[in-house]
Amino acid sequence: MEIWDIYNMNREKTGKTIVRGEKLEEGEYHLVVHIWILNSKGNLLIQKRAATMQLRPNMWAMTGGSAVAGDDSYTACTREMYEEIGIQADMENAEVAFTVTRKDNICDVWLIKQDFEINDCTMQVEEVSELRWASIQEIKDMVNQKIFINYFYLNDLFRFIESKGH
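As structure tokens, this is what we get:
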């Protein structure tokens, strides 16, 4: 059972928690992290969601998930990355590119500059069926083919990456 801290619209913990799957009240949010890993070749790590996933099975996506009770964004980022792909995040080369507030969550979009081989990864089979490195153009093409989740902020992310010289 996964328990989440509840935040208000100002990203302040309310002192309340909720069990994953329960409905949040209006004006209540939980914390989510989206993790985009950029290698020195300018490619992003993408993962194919397992066929057994309830939400968007077999779709390509980024690494990430919900913060559990007690996690801050940094902790959730390192935990989710290790849980899903078995790699320790290089937080010396990580930053929150931006934060987006959605219907019931506050989502920190992390960019981590880190090199490693796919063979070094250990996939969490309940969530991930495949990993690969992809260019921004390949991801755009996959979105157009409807095989990659079309995160509404993708163009902002790609501009952010390009502004960093990648």
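Position one of the sequence shown corresponds to residue 3 (my numbering), numbered consecutively onward. Idealized CB from N, CA, C, for every residue including glycine. On a predicted model such as this, the values are computed, not experimentally measured, just so you know.
Residue from the options with nearest C-alpha to residue i
i, options, result
"I141", "N45, T16, R13 and D122", "N45"
"Y9", "I108, Q147 and K166", "I108"
"S75", "L159, S165, Y155 and V102", "V102"
"Q139", "L133, F160, T54 and A96", "F160"
"Q56", "E85, G23 and K43", "G23"
"N95", "I114, R51 and E164", "I114"
"A136", "K105, A91 and K50", "K50"
"V69", "Y31, M93 and L40", "Note that residue 69 corresponds to Ala in the displayed sequence, not to Val. Per the Cα distances, Y31."
Backbone CA spacing between residue i and residue j [nearest angstrom]
i, j, result
"V35", "W112", "7 Å"
"E14", "V98", "18 Å"
"T203", "D117", "There is no way to answer for residue 203, as the model of the chain reaches only from 3 to 168."
"D73", "N146", "35 Å"
"G67", "A78", "8 Å"
"D7", "I20", "7 Å"
"G17", "M3", "19 Å"
"S165", "N157", "12 Å"
"D122", "I89", "8 Å"
"Y155", "L133", "22 Å"
First and last residue of the uninterrupted beta strand (DSSP E) at residue i
i, result
"F154", "Careful: F154 lies outside any beta strand (DSSP E) and carries neither H nor E."
"D7", "I5 to Y9"
"G17", "K15 to V21"
First and last residue of the uninterrupted alpha helix (DSSP H) at residue i
i, result
"K142", "I138 to N146"
"I89", "That residue, I89, is in no alpha helix (DSSP H); it is neither H nor E in DSSP."
Residue-chain proximity (residue i, chain B), Cβ-Cβ < 7 Å
i, result
"A53", "No chain B appears in this structure, which consists of one protein chain only."
Do the segment 145-154 and the segment 60-67 touch if we need at least three Cβ pairs shorter than 8 Å?
yes
Closer than 8 Å is the cut-off here; do at least three beta carbon pairs connect the segment 21-38 with the segment 122-133?
no
Length at least 3, wholly inside the segment 23-49: the beta strand (DSSP E) runs in chain order:
32-40
Kindly provide the ranges of any alpha helix (DSSP H) runs that are 4 or more residues long and lie completely inside the segment 70-133, ordered along the chain.
75-87
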